[in-house]
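Structure, as structure tokens:
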Amino acid sequence: MKKTFTICILFLTILTISLGLFIKIFLPDILKNQLISNGKLLLKTDVYISSVTIGLDGIFNIKDIRIKNPSDFSENDFLKLKNLSFKIRPKSIFKETIYFENVNFKNADILIELNDKMQINIAELSKQINTLKEKASETTESSKFEKKFIIENFSMISPTLLLSSKKLSINKNYKLPDVKIVDIGVKENGLPPEEIVTGFLARISEESEKYTLGLTKSLKDYFSKKKQKLIDDISKEEEKLKGIANDIKNKLKRFGIE
52 MKKTFTICIL FLTILTISLG LFIKIFLPDI LKNQLISNGK LLLKTDVYIS
102 SVTIGLDGIF NIKDIRIKNP SDFSENDFLK LKNLSFKIRP KSIFKETIYF
152 ENVNFKNADI LIELNDKMQI NIAELSKQIN TLKEKASETT ESSKFEKKFI
202 IENFSMISPT LLLSSKKLSI NKNYKLPDVK IVDIGVKENG LPPEEIVTGF
252 LARISEESEK YTLGLTKSLK DYFSKKKQKL IDDISKEEEK LKGIANDIKN
302 KLKRFGIE
């Protein structure tokens, strides 16, 4: 009996150590790879993550996240995030709707860029994400996003807005106020990830509107100057043509031709 008890204790000890090693060593890399692959699938752009760790309190910490700017834009990253932490209600992992008790972004650099085609990256990124919903019938890949999510508390602490446009020679940084949102997806009994992300992008656009208005004003001024320059160039060409025409008339008069 004593021997059986000792074997049981030994077995439980080995199992506990093995589980601890799995959670500490292998699970973070598995989660990191899953987050990168699913992030690329959702955002239709490259995603980089430095590391994933899991605390004893059940909080996940993701370090140094970078989301690549959509194609046709000159800057490298749309989002740089020093730390993302979240806590999931464990029982919800195996249900249709996963419940996040909190999600926290810290020290996020968010880029809004206007490219040479007069496209804004945040709008183009939203379009890329929404193609998932438009192709909902093609479920081979989108089936990975069948689960819905509820976020009880979302916060973004110390975000920085970067405005950039090579065409307009703009490169400015602004500190945005902290963003806090509660009960995301509660009314709908869960939201798909693409709706949460596009909602996040819409909120960023709203928070940065007073700064991006300067970008649109610069754009209007740019085209106004272009338009005026075009009018001036046409006027100059007209004057040249008039001058050539008058010169030809004068030469013809010399030859007695009216």
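Just so you know, we're using our numbering here: the sequence shown kicks off at 52 and counts up by one.
Glycine residues also receive a C-beta, built at the ideal position from the N, C-alpha and C atoms.
- Item | Minimum C-alpha distance to D167 - residue among I110, S125, I81, V233 | S125
- Message: Rounding to the nearest angstrom, what Cα-Cα distance links Q179 and L94 in this structure?
- Response: 7 Å
- For my contact list, D128 and I118 are in at a C-beta cut-off of 8 Å; report their separation, rounded to the angstrom. Right, the Cβ-Cβ distance comes to about 6 Å (below 8 Å), so this counts as a contact.
- Task: Drop a sphere of 10 angstroms on the beta-carbon of A174, count the other beta-carbons inside from all chains shown, and report buried for 16 or more, exposed for fewer.
- Result: Around the CB of A174, fewer than 16 other CB atoms lie within 10 Å, so the residue is classed as exposed.
- Message: Please identify the residue among R140, F200, P210, K226 whose C-alpha is closest to the C-alpha of K238.
- Response: Looking at the Cα atoms, F200 is the closest of the given residues.
- Answer with buried or exposed for I255, where buried requires no fewer than 16 other C-beta atoms within 10 angstroms of its C-beta. buried
- Task: Report yes or no: do the stretch 203-210 and the stretch 230-245 share at least 3 C-beta pairs separated by less than 8 Å?
- Result: yes
- To which residues of the same chain is K226 closer than 7 Å at the C-beta, ignoring the five residues directly before and after it? If we look at K226 and ignore the five residues flanking it on each side, its Cβ neighbours are T211.
- Reduced DSSP category for F145 - H, G, I as helix; E, B as strand; rest coil: helix
- From this set, P228, L242, G241, which residue's C-alpha is nearest D160's C-alpha? P228
- Residues of its chain near F111, where Cβ-Cβ distance is below 6 Å and the 5 sequence neighbours each way are ignored: I105, F137
- Message: Suppose you measure from the CA of K217 to the CA of S88; what does that come to, to the nearest Å?
- Response: 31 Å
- Item | Short Cβ contact (7 Å threshold) for I116 with L132 | yes
- Task: Could you have a look at V3 and say whether DSSP puts it in helix, strand or coil?
- Result: Any property of residue 3 remains undetermined from this structure, which presents the chain solely from 52 to 309.
- Message: Between the alpha carbons of L252 and E258, how many angstroms are there, rounded?
- Response: The straight-line gap separating the alpha-carbon atoms of L252 and E258 is approximately 10 Å.
- Query: What are the boundary residues of the alpha helix (DSSP H) that L252 is part of?
  - Reply: The continuous alpha helix (DSSP H) containing L252 extends over residues 244-258.
- Residues bridged to K119 (per DSSP): Answer by DSSP bridge pairing, in chain order: D128.
- From F151 to T263, what does the alpha carbon distance come to, in whole angstroms? For F151 and T263, the distance between alpha carbons rounds to 32 Å.
- In the DSSP assignment, find the beta strand (DSSP E) that holds I201 and state where it starts and stops. 199-208
- When E197, L135, N158 are compared against G241, the one with the closest alpha-carbon: E197
- Task: Please go through the same chain and pick out, in chain order, the residues whose beta-carbon is closer than 6 Å to the beta-carbon of N158, but skip the five residues on each side of it.
- Result: Taking C-beta separations shorter than 6 Å and ignoring five residues to either side along the sequence, the partners of N158 in its chain run K133, S209, following chain order.
- Item | Extent of the continuous beta strand (DSSP E) to which L227 belongs | Where L227 is concerned, there is no enclosing beta strand (DSSP E), given that its DSSP letter is neither H nor E.
- Query: Smallest Cα separation from I139: which of S122, I81, D108, K91?
  - Reply: D108
- Task: Please name the residue, chosen from T96, K146, Q85, that lies closest to N172 on a Cα-to-Cα basis.
- Result: When only C-alpha atoms are compared, the closest one is T96.
- Query: Exposed or buried, what is E260 when buried is set at 16 or more other beta-carbons lying within 10 Å of its beta-carbon?
  - Reply: exposed
- E147, buried or exposed, once every other Cβ within 10 Å from all chains shown has been counted against 16: exposed
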